[in-house]
Every structure is written in structure tokens, then in C-alpha cells.
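Only one structure is covered here, and it is reproduced in the block below.
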Amino acid sequence: MSVKLIELTKDLVLSQISADEFETRFFDLWRREGDTGLLAKDSKEVGECLYIVFDLAERYTSDIDRADYELDGESLKKEAKAALEKFNFI
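Okay, so the sequence shown: first residue is -2 according to this note's numbering, each after it adds one.
Put into C-alpha cells, the structure is as follows:
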């Protein structure tokens, strides 16, 4: 189970890591867990939550000139919190 990815998302929401650090660490951990098959073992709820968070992380950018669909750090944190709450992980 991808508890580490959920915990990493909680760290972002609780401002224990920056959005930039979250983005880097999330995708690195996602790749490693995907390569080892851990992602495939997730429950439906964990998988659905992580796919939402994956999409949010992909849409995050620290660039000031963002497209309408892109997220800044605060928006990323807010949306990630909503995803965790939706699945009762926070």
C-alpha cells in the first residue's frame, strides 16, 4: 500500500514540506512504487486518492506565468487537502 505517498501528501498539507519539494519527492516515490508493484496493491480508495493527487502534482508549477489549469503552491495544498479529506485520510 502506498502509505508513503499519502503521508507525503499530508506533509504538504501540514506545511512540513514545500510544494516544490512535494512535487519532486511525489514523482520519485510514485515511480519507485510503480516499478516495484506497490501501486498495484493499493485499495480502491488509496488508488483513487493518489490518482487525484498525481493530477494535482502534474498541474503544479512554481512559475509565475501559469496557465489557467496550473496550480500554485497554495492551490496545490488546498486541493491536496480536499482529496485527503474526501477519502478520510486526514
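Here a beta-carbon is modelled for each residue, glycine too, at the ideal position from N, C-alpha and C. Quantities reported herein were computed from a predicted structural model and do not represent experimental measurements.
Within 10 angstroms of the beta-carbon of Phe86 lie 16 or more other beta-carbons, which makes it buried. Contact check for Phe19 and Glu45: beta-carbon distance about 19 Å, past the 8 Å limit, so the pair fails to qualify. When the five nearest sequence neighbours on each side are left out, the beta carbons in the same chain lying within less than 7 Å of the beta carbon of Lys7 are those of Leu81 and Ile87, in order along the chain. The residue from Asp65, Trp27 and Tyr57 with its alpha-carbon nearest to that of Ser(-1) is Trp27.
With 16 or more other CB atoms across the displayed protein chains lying within 10 angstroms of its CB, Ala16 is buried.
For Ser(-1), no alpha helix (DSSP H) run applies, since DSSP gives it neither H nor E.
Spanning the alpha carbons of Leu53 and Leu73 requires a straight line of approximately 6 Å. Put simply, of Ile49, Phe51, Val50 and Leu68 the residue whose alpha carbon is nearest the alpha carbon of Thr58 is Leu68.
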